[in-house]
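In the working numbering, the protein residues as written are 411 to 1277.
Note that CB positions come from ideal geometry on N, CA and C, so glycine has one too.
A short write-up of the structure that comes next.
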Ligand code: Z16
């Protein structure tokens, strides 16, 4: 059915075009209209939630007009689009971001004030959209912001989980998980009940012959319906408003159900309904861990199949020949989670569109790019062959065919190497056999990238080494992660953003972050430093208030704020931090009151969620809280030490915490190879002694720790905080950019990691004497029942100290002394902060997106005339 309005009637539409408010009066009118009509309330019962809702709806209306135009423009120009497939989008709040990106926050502030509200209070009413675990999900969100800001025609595709990451409550010092009912009221999503895709599961494959051609037909099984929900993604200072499409599952409502219903089997048809809705019900709460659950695989296929159907439908509208598909479509796979998209596209092209295998495969591989985010073995996805066969029988056949053709080419290139076939096979010959998703992703993509220089070097020389030999080095590349300065500076730290703007020729730096380098000229400006310090102090006062309100503990904003916020993981070593805090406490207790007066006051702030099934991570949370309970009420130490665990760390809390830190901790066990350190960062060797030839090329990787990038380090430095860290992930590139004198590096280097672990297992394992004292104190019961923490201690004393807590302890404590000392010289400290911020231009996600666009996607921005 043609839904387009005929020419003669279009004039009426144009005459009535919606323009949206541009000034305070217009804004107020819209808010009042939404309160009174959309919400059916009035000035007599308009609370902050109603004010939030109406304000959001007013901004949403504005976004929608730009959004529609952007989509029309992209359709009309029909240029190549980017599709970013991610199982996680950790968006946080949308209203503040919309106001700033549209450039009307000041108007909204004044308007809300006229109507009786403070804008900060209104913004705070919004529930975070928390459809992600940590770094990977937040990276996807930053990328969407950059794609829109840079005017790229791009769509995000994800799942509309009914429950995002759980809400964390701390009860008696323990983490308790509470479901996240985030969809109660969400003005930012548009249900598209007309955009649906039927997704098939189970069934069997039959061969059919028609016109002398044999095709595979996937039949039977069950159908679940995918319904699209669209979220507008506004760019900063541009009319471009892209689309994030999230799929929700529901029962297909086809004849099958209807029959059941008619035959009186009402209960079972309701049960079918519920089973279908389960697919998009909940985000798996694991960061850097894959547990191989069937429902997870169902989620992956459901989302991937719906997205591809949508992409293919859009391509087919223009009636181009299939070979032009890769000129119109670039699909980026965020980790291996969407790898089935490769198989699904091959299935569509061969089984449904009737293309020859080789022609189809050429199209497929030219379309996809794959980003690897970890080499952690427990995070690398593998699915049992039997499970894939049961759920997706045709896909398993295609996977086997892909593998066969791939191995044939390998055999040709390496005729005398039988072992390589076993090593690179997409099917692992284990019991049970497994599909190695990372290998499938590599074989089905034209580019593979890592997320930090070191990480990309590492994957090419270790886990994917054979593939570099097979395809050559050009297939592999690096795109170091970045963050959006709009949210992580301008929105989170408006005063600092304003001060920077006053020295960098206005707010252009938000679109070209390298302009921050102009700050260097002002480092010696006394007044500038003073204002900088005042802003940091104000941000700390704001955090101190939050701490008081949520924990009851009063902290001194003049103390050194030391922050570690991220998912709780043994490899991220929150245990090293809390043991260090206990050491500090014991040291303070042993001092005379006179000696104590010379000490630098500290507030140790922790935050982060543990995966519900990660017992050790939960123990770490418990120890932090138990230490806080003792230390915070000890008058001997008073302001000199406070230990805080902030409940329910999330994106909106990060926006408050990052601007308030003096030092933050990025202290994962160094997980790098000596060889690469030497090659790519020679400057480090001036301050670190290397053991000659200590690396075991190609072996150490499965034992490494952080290994990827880390992105919160960038957020803290961009907000004028210094960092303490190991030579791991993006810390290395941050060091290169800001200089060794502006970062506190400590700990063993990775070339020693293997040997150290070996010595723990086979030699006499002596524990650092200071750490031993910390353990003794815990075992004395100072922080509650010692038994609660015995596993954490045993991990170091008895079980080989896999994360090298003892090996790095001394260096860690010493480095914290250097931090204390440096902080005493406030003037020099502030100078270090300013110098660091001036060098952070590289870490904008705009740079990432431009690199992806150029090196992987081959797409161009669609520049728009403003109106
Ligand atoms: C995740 O958050 C990351 C990797 C991964 O395989 C799975 C999840 Cl859920 C993180 C990395 O740990 C981190 O280093 C990196 O900065 C981030 O992904 C974004 O690339």
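Item	Value
Applying the criterion that 16 or more other CB atoms from any shown protein chain within 10 Å of the CB defines a buried residue, is residue 702 buried or exposed?	exposed
State the start and end residues of the unbroken alpha helix (DSSP H) segment that holds residue 1281.	An answer regarding residue 1281 cannot be provided, because it is not within the stretch 411 to 1277 covered by the chain.
What number of angstroms, rounded off, separates the C-alpha of residue 1090 from the C-alpha of residue 864?	Reliability of the predicted coordinates at residue 1090 is poor, the pLDDT of 37 falling under 50, and the value obtained from them is presented with this limitation in mind. Residue 1090 and residue 864: Cα-Cα distance of roughly 8 Å.
If you drop the 5 nearest sequence neighbours on each side, which residues of the same chain put their C-beta closer than 6 Å to that of residue 1113?	Reliability fails at residue 1113, whose pLDDT of 36 lies under 50, so the model's placement of it is uncertain and the value that follows must be treated cautiously. Correct list: empty, nothing qualifies.
Quick check: does the Cβ of residue 1160 come within less than 7 Å of any heavy atom belonging to the ligand Z16?	no
Does the ligand Z16 have even one heavy atom less than 7 Å from the beta-carbon of residue 1168?	no
Mind checking which residues open and close the alpha helix (DSSP H) that includes residue 1207?	1200–1207
Compute the Euclidean distance between the alpha carbons of residue 1043 and residue 1203, then round it to the nearest angstrom.	25 Å
Could you tell me whether the region 518–534 touches the region 460–480, where touching means 3 or more Cβ pairs closer than 8 Å?	yes
Using only the alpha-carbon positions, how far apart do residue 460 and residue 449 sit?	8 Å
Using the three-state DSSP reduction, which class does residue 1195 fall into: helix, strand or coil?	coil
Give me the Cα-Cα distance between residue 558 and residue 745, rounded to the nearest whole angstrom.	22 Å
Taking the straight line between their C-alpha atoms, what separation do you get for residue 944 and residue 1245?	17 Å
Does residue 568 come out as helix, strand or coil in the three-state DSSP assignment?	strand
Excluding the 5 residues flanking residue 411 on each side, which residues of the same chain have their C-beta closer than 6 Å to its C-beta?	In this prediction, residue 411 has a pLDDT of 49, which is less than 50 and means its spatial position is unreliable; nothing more can be read from the coordinates.
Throw me the rounded Cβ distance for the residue 660 and residue 637 pair, which I believe falls under 8 Å.	6 Å
Taking 7 Å as the cut-off, does the CB of residue 583 come closer than this to any heavy atom belonging to the ligand Z16?	no
Within 8 Å, do at least three Cβ pairs link the region 1130–1150 to the region 863–880?	yes
What does DSSP give as the partner residues of residue 628 in its beta bridges?	615
If you run the structure through DSSP and keep just helix, strand and coil, what is residue 1056?	strand
I'd like the list of long-range same chain contacts for residue 1036, defined as Cβ closer than 7 Å, with 5 residues on each side in sequence excluded.	583, 1193 and 1194
Taking only three categories from DSSP, how would you classify residue 1141?	helix
Tell me where the alpha helix (DSSP H) around residue 813 begins and ends.	803–823
Given 7 Å as the limit, tell me if residue 698 has its C-beta closer than that to any heavy atom belonging to the ligand Z16.	yes
Could you please give the first and the last residue of the uninterrupted alpha helix (DSSP H) stretch that includes residue 573?	Element bounds for residue 573: n/a, residue is neither H nor E.
Please classify residue 980: is it buried, with 16 or more other beta-carbons within 10 angstroms of its beta-carbon, or exposed?	buried
Is it buried or exposed, residue 1072, if we count other Cβ atoms within 10 angstroms and call 16 or more buried?	buried
Between residue 1121 and the ligand Z16, is the CB less than 7 Å from at least one heavy atom?	yes
Locate the alpha helix (DSSP H) running through residue 1269, then write down its first and last residues.	Element bounds for residue 1269: n/a, residue is neither H nor E.
For the beta strand (DSSP E) that contains residue 742, what are its first and last residues?	739–744
So which of 859, 1214 and 1208 has the shortest CA-CA distance to residue 1119?	859
Using DSSP with H/G/I as helix, E/B as strand and the rest coil, what is residue 478?	helix
Please tell me whether residue 822 has its Cβ less than 8 Å away from any Cβ of chain D.	Note that chain D does not occur in the displayed structure, where there is just one protein chain.
Starting from the Cα of residue 1153, find the closest Cα among 1138, 986, 1147 and 1133 and give me that residue.	1133
In the DSSP assignment, what are the bridge partners of residue 793?	845
May I ask you to list the residues that DSSP assigns as paired with residue 942?	Answer by DSSP bridge pairing: none, since residue 942 is not bridged.
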